[in-house]
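Trainee: Chains as they are written, first to last, in our numbering: chain A, 1 to 283; chain B, 1 to 469.
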Amino acid sequence: MSAPILPARNAPILQVRELLMRFGGLTAVNRVSFDAMAGDITAVIGPNGAGKTTVFNLITGFYKPSGGEIVLNGPGGPKPLHATVGHRIAQAGVARTFQNIRLFPGMTVLENLLVAQHNTLQAATFFGIGAAFGLGRYRQAEREAVALARRWLEATRLLDRADDPAGALPYGAQRRLEIARAMCTNPVLLCLDEPAAGLNPRESEELAELIQLIRAQGCSILLIEHDMGVVMRISDRVVVLDHGVKIADGTPAEVRADERVIAAYLGEGDEDDVPAAPVEGAA
Amino acid sequence: MSGASRQPNGSHAGGVPHDDDGVPGPGEMGGIPRGPEAPAPRPPVIHALRDAGLAALVAAGLFVPLVGLRTDVGPAGGGLILRTRWADVAILVALVFTGRLAMNLWSAFRPAKRPRTALRAAQLTRIGTFVAPLFLGFAVLMPLLPWTTRYGLDLGVLVLTYVMLGWGLNIVVGLAGLLDLGYVAFYAVGAYTYALLSTTYGLSFWICLPLAGIFAAFAGVLLGFPVLRLRGDYLAIVTLAFGEIIRVVLLNWVSLTGGPNGISGIPRPSFFGLSFSAGGEPGSFADFFGLEPSPTHRAVFLYYLILVLALLTNWVTIRLRRQPLGRAWEALREDEIACRALGINVTNTKLTAFAIGAMFGGFAGAFFATRQAFVSPESFTFIESAIILAIVVLGGLGSQLGVAIAALVLIGGFEAFRDFEEYRMLVFGAAMVVIMVWRPRGLVSTRRPSVALGERKAISGDLVGEGHG
């Protein structure tokens with residue numbers, strides 16, 4: 001895939017400023033600010049109900065923020081995501097996965113990945129008119145789309161299941177497919193919402209490798225995760241939320257040592273004993 | 001319709017490393033059976049008798065007041081008298097009892113259900129690949145067969161009209177998953193477009209046909225805008241209302257549409273400028289080709305016209321399904337939120353589905369107007385929408401072949417049961433219930449993938465979404 005032109009490393013790809021979200025009387029996200037650096041893996045952690053998924057939904061345009069700013073420094077210059085409609089955010093280069101997997105279960109694995117490349121393909125079809133007559137340009141575009149899909153299928157080890165319906169895959173494979181599908185949109189920022197939920201330790205391990213592979217290809221990653229093993233090992237930076245407020249922000253080592261984090265989230269005991277919470281995210 | 005032959009294999013090719021790969025866990029080593037055994041069953045005959053007895057009791061409770069007691073006008077012409085019909089009740093209860101008993105016994109003693117093996121599925125798909133060309137061949141040759149009567153030809157035109165409408169609605173309901181109960185509105189828009197343009201401005205059928213499609217597509221977008229945010233039941237209700245609005249407007253806008261009197265004297269289509277007049281005067285079809293003038297010529301022409309229009313609908317749908325747009329429709333049916341996260345403009349995608357589906361409804365409407373030479377709001381009632389939707393649901397959402405077969409069964413069945421007179425709807429309704437019990441996802445429930453790396457394997461209908469509006 002053609003590597004998108006990215007801001008230099010150590011420049012923020014995503015800037016969240018004073019983000020505020022109210023649902024009626026409930027303040028789910030209360031003036032949260034953080035940066036996600038280009039080429040970094042930024043983890044957002046926090047206890048249940050801390051507002052992590054709300055932050056994700058705000059970044060990806062599923063909610064409109066009650067206040068604050070979200071700016072994406074993508075290849076096309078700074079883009080205010082808080083004032084952009086949902087599908088345009090994805091077109092600007094923000095891809096996401098969902099806490100409860102959202103595939104197209106009745107379509108094959110390959111079709112799932114081609115739907116992800118809808119906008120590229122649709123542009124090549126002359127908005128459907130040219131393609132109805134099978135013009136050459138569309139065939140070329142489709143070949144390229146299938147090639148890109150094939151690359152991500154190889155990376156996620158799903159190539160031999162390409163022609164099976166997505167709904168028939170085992171759980172772990174569905175998680176990988178959702179990541180592959182997000183990557184087929186050629187994003188600059190990939191938002192993963194609890195990708196390790198429901199995976200066994202070996203699958204979590206493979207997932208961590210996959211995430212690092214994606215990062216190596218130039219895509220920045222924003223990650224919500226409960227599996228502390230994964231978070232502490234692969235993240236460059238960890239943002240901790242509790243009750244909608246940011247309580248810590250730093251490297252994994254700094255966060256680990258932060259007393260407020262230990263009190264709010266990791267518990268009073270030895271942090272190495274913190275169990276992975278795989279099942280809870282699958283609900 | 002199916003193309004190259006395919007051989008789905010029921011089992012998935014292995015190879016994905018996954019921890020559920022059959023390595024026994026520690027608890028499974030000691031001969032502990034995996035999964036609970038079924039509890040010891042009660043003797044099946046006794047159970048069946050008990051269950052049938054219960055059903056008979058319920059039936060008796062229902063039928064005693066409903067059938068057993070009847071009020072009639074007394075012989076003196078004055079008051080009502082109560083008449084009892086216990087014999088009828090007994091017969092009905094006995095019927096329920098024996099029916100339920102037979103069902104129970106059958107399910108208890110039938111041979112173990114044969115699993116749908118790969119072989120059987122392969123056989124089914126092989127049959128499937130032959131069915132479509134067979135139907136097509138028959139449809140093309142039908143008017144030329146010597147035993148085809150005028151009645152058969154007219155019935156063929158009727159069936160093909162519904163095939164076309166079914167295929168058109170299939171785009172909206174089957175592919176995009178948007179439940180549309182007002183499809184007949186677009187049919188009406190197409191019919192009135194042709195009727196008005198041809199009687200007012202004298203435009204020919206061939207100019208009006210695309211215009212009818214465009215107007216109907218415009219109506220589709222018009223409907224689409226307000227309902228974009230609605231889903232499921234709410235969408236269905238608004239589309240239903242839209243269908244009624246169009247009909248009521250046609251009924252009440254007397255100065256334009258003639259109100260309940262409709263529009264008559266709509267010109268018939270011509271064959272490249274040659275008319276189908278019965279007299280056979282110069283410039284007519286019969287005169288030009290030196291044939292005996294016959295009203296059959298027009299019927300045959302109309303038959304082929306609707307066949308071509310229907311096949312056009314089918315061709316466009318099949319092409320679009322393999323395009324990004326068609327794939328986006330199906331993705332929308334599967335999961336709208338995921339579509340949005342992938343950068344698909346959900347609004348536009350829904351609107352195109354409405355517009356393209358409506359366009360084919362408009363074409364069919366123009367054909368309807370030219371065939372009947374008369375249109376009135378009576379032809380565009382809700383029951384038409386219901387029939388078209390029933391065709392799509394019965395055929396299997398998204399399946400082109402299924403919809404065609406369902407149209408044949410439904411419309412053909414309507415005619416075949418004509419002898420039953422007032423029981424026609426009863427027989428018809430029962431037949432539909434039976435089909436839906438037997439095949440809850442429609443006649444053809446599997447979905448064919450639009451693209452594949454290797455072989456195309458049919459996807460079971462259980463996995464395919466039905467859409468939520």
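All C-beta atoms, glycine included, are put in the ideal place defined by N, C-alpha and C. As the structure is a prediction and not an experimental result, all values here were calculated from the model.
At least one CB of chain A closer than 8 Å to the CB of B/E281: is that the case?
Mentor: To locate residue 281 of chain B, count along the second sequence from 1; it is residue 281. B/E281 does not count as touching chain A.
Trainee: Taking Cβ positions only, does B/P440 come closer than 8 Å to chain A?
Mentor: Within the second sequence, the letter at position 440 stands for residue 440 of chain B. False, the Cβ-Cβ gap to chain A never drops below 8 Å.
Trainee: Which of the three DSSP states, helix, strand or coil, is assigned to A/D284?
Mentor: There is no way to answer for residue 284 of chain A, as the model of chain A reaches only from 1 to 283.
Trainee: For A/R17, I'd like the list of residues in its chain whose CB is within less than 8 Å of its CB, leaving aside the five on either flank, ordered along the chain.
Mentor: Position 17 of the first sequence holds residue 17 of chain A. Excluding sequence neighbours, A/R17 sits near S33, G68, E69, I70, V71.
Trainee: Since B/A452 meets chain A, which of its residues come closer than 8 Å, beta carbon to beta carbon?
Mentor: Taking the first residue of the second sequence as 1, we reach residue 452 of chain B at position 452. Chain A residues near B/A452: T108, L110, A162, D163.
Trainee: Taking the C-alpha atoms as reference points, what is the distance between B/C475 and A/N186?
Mentor: Because chain B here runs from 1 to 469, residue 475 of chain B falls outside it and cannot be looked at.
Trainee: Here's the rule I'm using: 16 or more other beta-carbon atoms within 10 Å means buried, otherwise exposed. How should A/E203 be labelled?
Mentor: Locating residue 203 of chain A in the first sequence gives position 203, counting from the first residue. Around the CB of A/E203, 16 or more other CB atoms lie within 10 Å, so the residue is classed as buried.
Trainee: Interface residues of chain A around B/E330 at Cβ under 9 Å?
Mentor: One-based indexing of the second sequence puts residue 330 of chain B at position 330. Those within 9 Å of B/E330 in chain A are F104, G106, M107, E111, V115.
Trainee: Step through the CB atoms of chain B and report whether any lies within less than 8 Å of the CB of A/G67.
Mentor: Within the first sequence, numbered from 1, the residue matching residue 67 of chain A stands at position 67. No - not a single Cβ of chain B is within 8 Å of the one on A/G67.
Trainee: Could you tell me how far apart the beta carbons of A/L114 and B/V451 are, in whole angstroms, since I believe they sit closer than 8 Å?
Mentor: Translated into positions along the first sequence, residue 114 of chain A becomes position 114. Translated into positions along the second sequence, residue 451 of chain B becomes position 451. That belief holds up - the Cβ atoms of A/L114 and B/V451 are roughly 6 Å apart, short of 8 Å.
Trainee: In angstroms, rounded to a whole number, what distance separates the CA positions of B/F135 and B/G265?
Mentor: Translated into the one-based positions of the second sequence, residue 135 of chain B becomes position 135. Translated into the one-based positions of the second sequence, residue 265 of chain B becomes position 265. Cα-Cα distance, rounded: 35 Å.
Trainee: Is the stretch 135-153 of chain A touching the stretch 351-363 of chain B, taking contact as three or more C-beta pairs under 8 Å?
Mentor: no
Trainee: Please report the residue range of the beta strand (DSSP E) in which A/M21 lies.
Mentor: Residue 21 of chain A sits at position 21 when you count from the first residue of the first sequence. A/M21 -> beta strand (DSSP E) spans 12-23.
Trainee: Would you mind reading off the limits of the beta strand (DSSP E) that contains A/T97?
Mentor: The residue labelled residue 97 of chain A in the question sits at position 97 within the first sequence. No beta strand (DSSP E) holds A/T97; DSSP gives it neither H nor E.
Trainee: Straight-line CA distance for B/G520 to B/A364?
Mentor: The structure shown does not extend to residue 520 of chain B, since chain B spans only 1 to 469, so no value can be given for it.
Trainee: For a contact defined as C-beta to C-beta under 9 Å, what are the partners of B/V346 on chain C?
Mentor: Given the protein chain composition of this structure (A and B), no chain C is represented.
Trainee: Could you tell me which of B/T98, B/R70, B/A87 sits nearest to B/A55, measuring between CA atoms?
Mentor: Counting from one through the second sequence, the residue named residue 55 of chain B turns up at place 55. Among B/T98, B/R70, B/A87, the Cα nearest to that of B/A55 belongs to B/T98.
Trainee: In angstroms, rounded to a whole number, what distance separates the CA positions of B/M436 and A/A50?
Mentor: As a working mapping, residue 436 of chain B is identified with position 436 in the second sequence. As a working mapping, residue 50 of chain A is identified with position 50 in the first sequence. One C-alpha to the other measures close to 47 Å.
Trainee: Name the chain A residues whose beta carbon is nearer than 7 Å to that of B/A341?
Mentor: Residue 341 of chain B sits at position 341 when you count from the first residue of the second sequence. Those are T60, A90, R96, listed as they occur along chain A.
Trainee: With 8 Å set as the bound, which would you pick, yes or no: does the beta-carbon of B/Q372 sit closer than that to a beta-carbon of chain A?
Mentor: Translated into positions along the second sequence, residue 372 of chain B becomes position 372. False, the Cβ-Cβ gap to chain A never drops below 8 Å.
Trainee: Which residues of chain A have a Cβ atom closer than 7 Å to the Cβ of B/E244, listed in chain order?
Mentor: What you label residue 244 of chain B is simply residue 244 of the second sequence in a count that begins at 1. The contacting residues do not exist; B/E244 stays about 31 Å from chain A at best.
Trainee: Using a Cβ-Cβ distance under 8 Å, would B/I337 count as near chain A?
Mentor: Position 337 of the second sequence, counted from the start, is the residue given in the question as residue 337 of chain B. So yes, B/I337 belongs to the interface.
Trainee: Could you pull out every unbroken alpha helix (DSSP H) segment of at least 4 residues lying fully inside the stretch 35-90 of chain A, listed in chain order?
Mentor: 52-59
Trainee: Roughly how many angstroms separate the alpha carbons of B/H12 and B/E466, rounded to a whole number?
Mentor: Taking the second sequence and counting its residues from 1, one reaches residue 12 of chain B at position 12. Taking the second sequence and counting its residues from 1, one reaches residue 466 of chain B at position 466. With a pLDDT of only 41 at B/H12, under 50, the local geometry of the prediction cannot be trusted, and no value is derived from it.
Trainee: Would B/G168 pass as an interface residue toward chain A - the criterion being a Cβ-Cβ separation below 8 Å?
Mentor: Here residue 168 of chain B refers to the residue found at position 168 of the second sequence. Output row for B/G168: interface = no.
Trainee: Does the distance from the C-beta atom of A/R96 to that of A/D35 stay below 8 Å?
Mentor: Numbered from 1 along the first sequence, position 96 holds the residue referred to as residue 96 of chain A. Numbered from 1 along the first sequence, position 35 holds the residue referred to as residue 35 of chain A. No, these two residues do not count as a Cβ contact at 8 Å.
Trainee: According to DSSP, what are the bridge partners of A/L192?
Mentor: As a first step, residue 192 of chain A must be located in the first sequence, where it is residue number 192. BP columns for A/L192 point to A/L223.
Trainee: Round the Cβ separation of B/P143 and B/V300 to the nearest angstrom and send it over; I've been treating them as touching at under 8 Å.
Mentor: To locate residue 143 of chain B, count along the second sequence from 1; it is residue 143. To locate residue 300 of chain B, count along the second sequence from 1; it is residue 300. Right, their Cβ atoms sit about 5 Å apart.
Trainee: Shorter than 8 Å from the beta carbon of B/R321 to some beta carbon of chain A?
Mentor: Within the second sequence, residue 321 of chain B is the residue found at index 321, counting from 1. No, its Cβ sits nowhere closer than 8 Å to a Cβ of chain A.
Trainee: Using C-beta distances below 6 Å, list every residue in its chain close to B/L453, excluding the 5 sequence neighbours before and after it, in chain order.
Mentor: For this step, residue 453 of chain B is matched to residue 453 along the second sequence. None.
Trainee: List, in order along the chain, the chain A residues whose C-beta lies closer than 8 Å to that of B/I459?
Mentor: In the second sequence, counting from the first residue as 1, residue 459 of chain B sits at position 459. The contacting residues are G106, M107, T108, P165.
Trainee: Look up B/P33 in the DSSP assignment and say whether it is helix, strand or coil.
Mentor: In the second sequence, the residue the question calls residue 33 of chain B occupies position 33. For B/P33, the predicted structure reports a pLDDT of 43, less than 50, and the residue's modelled location is therefore unreliable. The matter cannot be settled from this model.
Trainee: List the endpoints of the continuous beta strand (DSSP E) containing B/L80.
Mentor: For the purposes of this step, residue 80 of chain B is taken as the residue at position 80 of the second sequence. Unbroken beta strand (DSSP E) run through B/L80: 80-84.
Trainee: Which whole runs of the beta strand (DSSP E) in the stretch 161-212 of chain A are 3 residues long or more, in chain order?
Mentor: 189-193
Trainee: Buried or exposed for B/F289, going by 16 or more other Cβ atoms inside 10 Å?
Mentor: Along the second sequence, one-based indexing puts residue 289 of chain B at 289. Exposed, by the Cβ-count rule.
Trainee: Are there three or more Cβ pairs, one per stretch, closer than 8 Å when the stretch 310-318 of chain B is compared with the stretch 96-111 of chain A?
Mentor: no
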